[in-house]
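This report concerns only the one structure given below.
Numbering (our numbering), first residue to last: 11 to 736.
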């Protein structure tokens, strides 16, 4: 009878199980070392868990055969995947163990002061060099004077450098355990870059809120207003004035981008786009840690193809503060989860760093993430009440306090009112805005539940049945450790939506919820690959809901897929239906395809195919689901660019009453580059200092001074760029 146990795995591989490591984590690590496909490892983990709970240890011949194959694979592959250590060449396992033992013996001898001849020779050589170095000659007198100081500094900082190197090595090894991690993570980054950076500056800036942040970043880059953001075009006076409503980190990112790439829409939107892509990479690694690489890869694809993330206001392709909050908030939650689940207190300083950056990204908008991690802190109180935690909290405060303290010293109560009372208290209580209609419950301020399936289309229609089906599959298969993480993902999603249902009034507030939701749906798809019928049935229900309710089912041909797909000739929704059917068929047949490929291909060929095929599947899904991005109002862009072309640099341009009456003009101010202000037509007639102005065509009749029309901008209405000459 085959011995199905962790002890047997240790005996075969020679890789010991760490005390802080669960059996699941240990088997994953062994599989990674042997480069065994993650799906096979998941099956082996299930068999080991069943063997643990089976009263008679009977598993059936098929599962015993799988375990025997696993033992054979790790026995043949483990040694070839252990890195060389610079010792003598190895011919077999016994030679390796002998050489390794000799190395450890030499190290131990050296530590006890009984070094080898080589060590003695090295010490003798070192003494000789020191004698020559300390000869009292003019050329090295200065060297001798400070040699003890250099030696002391070297001894002081050497452990720190070694520790940093160890941390860097550990981080790299954690992220990129195998070639699968390298290929998948890098592919996610480049695929995401193709979709999110392509035509990034094609659309005009929105006045709210892109125009505000891009405007503030522009003044930072041009005028050096790095500590006190400044804007022009609205929110008080039209002329340039301090912007006190938001924390500065997101604006700093945009300003740095403009310093590198020049003032423009692309530079303004680039930080959000890159952080969206990096968030998808984080989703991959979280999925890998919670379940498997398939969960991570599908979760990343789902997140990138979420409609609101791709084309929504203040989202992944917008110059705003919300995506930096999503990225750093996600890192904060994930790192807290790793501390709690892996008992790794070394991550606590990084947890607090991520929290600080989330706060600096959007101030009190980071509050929901605190509620998200409460269960993790409650289940691991010792990890979060240590001295290291206290020191890290002090570091957190040192990061977030200096900027608001400086601003308070500069602006006093005005700053407190703008950043806290106006932006937090009045919004939370609803006194600064009215609740939108259509909410399911009276206490809700915005109909998030109504819009969520559309914002998360089509994956929201899979998420609904998955909330029941996925935990059911996990319970039936007795994977109770996975159930805990699935519940946490649902908690994460629910907290974000629930928090902003009480306090928010904009669709982009729930952007952080798409990360755990994507992982949850990806987990369901992973179970389909494993051949679970309950998961397949749950997915078919989601497919039916998506086919009936998805807005994509009625999209015209021009809006199906990206603009690089040859979609002409398809009727409404056909491409979407084909894509959804292909996704289900692909998931259901993925395991069988892998078995056939493994049997028919050589090991090297299968290694390549197992890396490439999942990436190609992600590309195909994104090509179909990520349609062309819509355009919006370009009148302010046209007027601003006309000002920039026709008005001399540095000249003040006055905007008329009718122009200001249309709304704020942040994006106009961004495109114009010239300073702008507001003046009525009567003020233009009286004030001879006003030399350049923008008016509507009907206002031209009220002008009494002589003027010259520099340009006429037609965008629905006619705008006149004029120079007043008398």
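Glycine is no exception: its CB is placed at the ideal position from the N, C-alpha and C atoms. This structure is a prediction, so every number in the text was calculated from the model and none was measured.
Alpha carbon to alpha carbon, how far is residue i from residue j?
i           : j           : result
residue 423 : residue 415 : 12 Å
residue 688 : residue 714 : 18 Å
residue 197 : residue 694 : 58 Å
residue 238 : residue 648 : 29 Å
residue 12  : residue 33  : 18 Å
residue 404 : residue 215 : 39 Å
residue 262 : residue 707 : 39 Å
residue 258 : residue 371 : 7 Å
residue 357 : residue 519 : 28 Å
residue 678 : residue 243 : 8 Å
residue 140 : residue 175 : Caution is warranted here: a pLDDT of 47 is assigned to residue 140, below 50, making its placement in the model unreliable, and no coordinate value can be reported.
residue 718 : residue 733 : 5 Å
residue 604 : residue 187 : 22 Å
residue 57  : residue 616 : 24 Å
residue 392 : residue 241 : 46 Å
residue 316 : residue 470 : 9 Å
residue 301 : residue 48  : 9 Å
residue 365 : residue 193 : 29 Å
residue 480 : residue 413 : 45 Å
residue 456 : residue 508 : 11 Å
Put residue i into one of helix, strand or coil per three-state DSSP.
i           : result
residue 619 : helix
residue 364 : helix
residue 192 : helix
residue 121 : Its pLDDT being 39, under 50, residue 121 is placed unreliably by the model, and nothing is read from it.
residue 75  : helix
residue 662 : coil
residue 730 : strand
residue 520 : helix
residue 611 : coil
residue 238 : coil
residue 252 : strand
residue 494 : helix
residue 53  : helix
residue 825 : Given that the chain is displayed from residue 11 to residue 736, the structure contains no residue 825 and the question cannot be resolved.
residue 499 : helix
residue 378 : helix
residue 46  : coil
residue 487 : coil
residue 736 : coil
residue 586 : helix
residue 214 : coil
Between the Cα of residue i and the Cα atoms of the options, which residue gives the shortest distance?
i           : options               : result
residue 534 : 559, 558 and 478      : 478
residue 551 : 476, 503 and 601      : 476
residue 379 : 335, 183 and 77       : 335
residue 43  : 223, 299, 609 and 83  : 83
residue 586 : 56, 562 and 633       : 562
residue 624 : 596, 611 and 635      : 596
residue 631 : 555, 480, 468 and 735 : 468
residue 505 : 59, 385, 272 and 213  : 385
residue 680 : 202, 232, 81 and 453  : 232
residue 712 : 667, 527 and 279      : 667
residue 342 : 360, 351, 327 and 325 : 360
residue 686 : 659, 201 and 485      : 659
residue 452 : 412, 406, 512 and 299 : 512
residue 629 : 472, 26, 613 and 205  : 205
Is residue i buried or exposed, if buried means 16 or more other CB atoms sit within 10 Å of its CB?
i           : result
residue 217 : buried
residue 23  : buried
residue 1   : The chain is shown only over 11 to 736; residue 1 falls outside these bounds and no answer can be derived.
residue 79  : exposed
residue 420 : exposed
residue 692 : exposed
residue 492 : buried
residue 490 : exposed
residue 495 : buried
residue 72  : exposed
residue 228 : buried
residue 397 : exposed
residue 46  : buried
residue 433 : buried
* Asked: At what residue ranges does the segment 385 to 416 contain a whole run of the alpha helix (DSSP H), taking only runs of 4 or more?
  -> Taken in chain order, the unbroken stretches of alpha helix (DSSP H) that lie wholly in the segment 385 to 416 and span 4 residues or more are 397 to 410.
* Asked: What runs of the beta strand (DSSP E), each 3 residues or longer, lie entirely inside the segment 660 to 731?
  -> DSSP assignment within the segment 660 to 731 yields the following whole beta strand (DSSP E) runs of 3 residues or more, N-terminal first: 663 to 665, 686 to 688, 702 to 706 and 717 to 725.
* Minimum length 4: unbroken alpha helix (DSSP H) runs contained in the segment 259 to 332 -> Every alpha helix (DSSP H) stretch that sits fully inside the segment 259 to 332 and reaches 4 residues is listed by chain position as 259 to 271, 275 to 300, 303 to 314 and 317 to 321.
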